[in-house]
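S.K.: Chains as they are written, first to last, in the numbering used here: chain E, 1 to 223; chain H, 224 to 446. By construction, the Cβ of each residue, glycine as well, lies at the ideal position given by its N, Cα and C atoms. Here it is: the structure, laid out below.
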DNA sequence: ATTCTGTATGTTGTATACAATATTCTTTAA
DNA sequence: TTAAAGAATATTGTATACAACATACAGAAT
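In structure tokens form, the structure reads like this:
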């Protein structure tokens, strides 16, 4: 058997192309909460028929980025204050759990990656570009999450993260939060490297707590 | 404005009817893991066109009950030992979290319901009907989960529960496990009524631990 | 006998057509 | 002027048609 892999996996159904396109548009705020998603219009704009658009919208609904009313169509999901708090409450619990698992399961190679990611995050903060900071922040957390080796846990957390992606980005743009963010990353890194379950879990919880406070005060300044 | 609610909500899209039908068939084992789901056949059997069947299958895929290969169709999801362990690991963490939250948030009314559900579970065990036991077991846990008031947490846990429903039922049919199940329910109930967070969380974890051991030894007797 | 190739068949992916319902706008009556 | 009714329009829900691809089988060449 020769090892020609002959990349035959490059086929993507149109529904998935549309799905990724719409998903990105929602997460980046191009499509705003409450905005209606009409099949024909999107189909024409994307140059496909209604079918793949329908299927993409249904997928987005299951992911929680879109809400549908029967016979009335779909719109970009609007998250309520309660909804946001609920998401963050679950995330806090699961992130803390991830941090604890990471202490037990992280490999030496992943430890190096985590140190590197922590450093790169700090450099991104120095540079000050919000998009870069967000990317490096995600990368840092992804290493921790992936080190658990639990795929169900990974996909569950990623789904929760997706729900608040839009709002979290606003939070990262707030420069005054960044020193604290850096400090929290360092604490978390240190706790994991020292296999200190309790401290790692606590650090992860505090990290989300601060996110929650910031995000809520930005979206609901009076509450 | 008169308050005529004029039950106009009884419309259900065909895709949802098909979805619920297939879902039930999978959860009850009528459709077995690995079995192919072919659109035309299902459509003919259910007396609808391919479209709603397609959409239902996609929904099932997102719920994790069905796996799809592009251009090759769908089949009932098969869970691996690793997949089962992953699901149970997340459930353990979230169930424990629910139990702790329940201590803080359960209302007096829900406390009464929980006591009643615990009693009814014990009666079901006395009667010995597996289906009834399973129903009462779900009812007991649902009260705890719902008492958290966190809808995201509720739906996340319900999705995880769905993944292992088929296997859990086998576990409940094993009569030797039932006394322990009863004991665990009583411990959990007592801890919640006494607002003992630590004990409630621990009880929930042990409850899942035992499920895991039983289920795994039934499905993978050698492992 | 085995492998390759071509054909026939089956299945999914996408587009389109039609039906049922929502929405909007216009007209009419008070 | 406002409210109600009805027609016109827009949009979703479902069915079907057709194309692209996958699979299975038969026959030919080695």
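#1: Under the rule that 16 or more other beta-carbon atoms within 10 Å means buried, what is residue 41(E), buried or exposed?
#2: Taking the straight line between their C-alpha atoms, what separation do you get for residue 439(H) and residue 183(E)?
#3: Tell me which residues share the same chain as residue 272(H) and place their Cβ nearer than 8 angstroms to its Cβ, disregarding the 5 neighbours each side in the sequence.
#4: Residue 81(E) and residue 171(E): beta carbons closer than 8 angstroms?
#5: When the Cα atoms are used, what is the spatial distance from residue 159(E) to residue 153(E)?
#6: Whose C-alpha, out of 432(H), 413(H), 441(H), is nearest the C-alpha of residue 325(H)?
#7: What residues from the stretch 7 to 29 of chain E come within 7 angstroms of chain H, judged by C-beta to C-beta, listed N to C?
#8: Once you ignore the five residues that flank residue 53(E) on each side, which residues in its own chain have a CB closer than 6 angstroms to its CB?
#9: Roughly how far, in whole angstroms, is the beta-carbon of residue 246(H) from the beta-carbon of residue 307(H), given that I think they are within contact range, below 8 angstroms?
#10: Are the beta-carbon atoms of residue 188(E) and residue 200(E) separated by less than 8 angstroms?
#11: If the criterion is Cβ atoms closer than 8 angstroms, does the pair residue 380(H) and residue 322(H) meet it?
#12: Below 6 angstroms CB to CB, which residues in the same chain sit around residue 237(H) once its five sequence neighbours on both sides are set aside?
#13: Tell me residue 296(H)'s beta-bridge partners as DSSP assigns them.
#14: Comparing alpha-carbon positions, which option in 293(H), 298(H), 292(H) lies nearest residue 257(H)?
#15: Between which two residues does the alpha helix (DSSP H) harbouring residue 134(E) extend?
#16: With distances taken Cα to Cα, identify the nearest neighbour of residue 175(E) among 67(E), 129(E), 119(E), 79(E).
#17: Is the beta carbon of residue 318(H) less than 8 angstroms from the beta carbon of residue 151(E)?
#18: According to DSSP, is residue 12(E) part of a helix, a strand, or is it coil?
#19: With the cut-off set at 8 angstroms, would you say residue 337(H) and residue 431(H) are in Cβ contact?
M.R.: Well, looking at it:
#1: exposed
#2: 42 angstroms
#3: 266
#4: no
#5: 10 angstroms
#6: 413(H)
#7: 11, 13
#8: 18, 39, 42, 43
#9: At roughly 19 angstroms, the Cβ-Cβ gap does not stay under 8 angstroms, so residue 246(H) and residue 307(H) are not in contact.
#10: yes
#11: no
#12: 271, 275
#13: 292(H)
#14: 298(H)
#15: 130 to 147
#16: 129(E)
#17: no
#18: coil
#19: no
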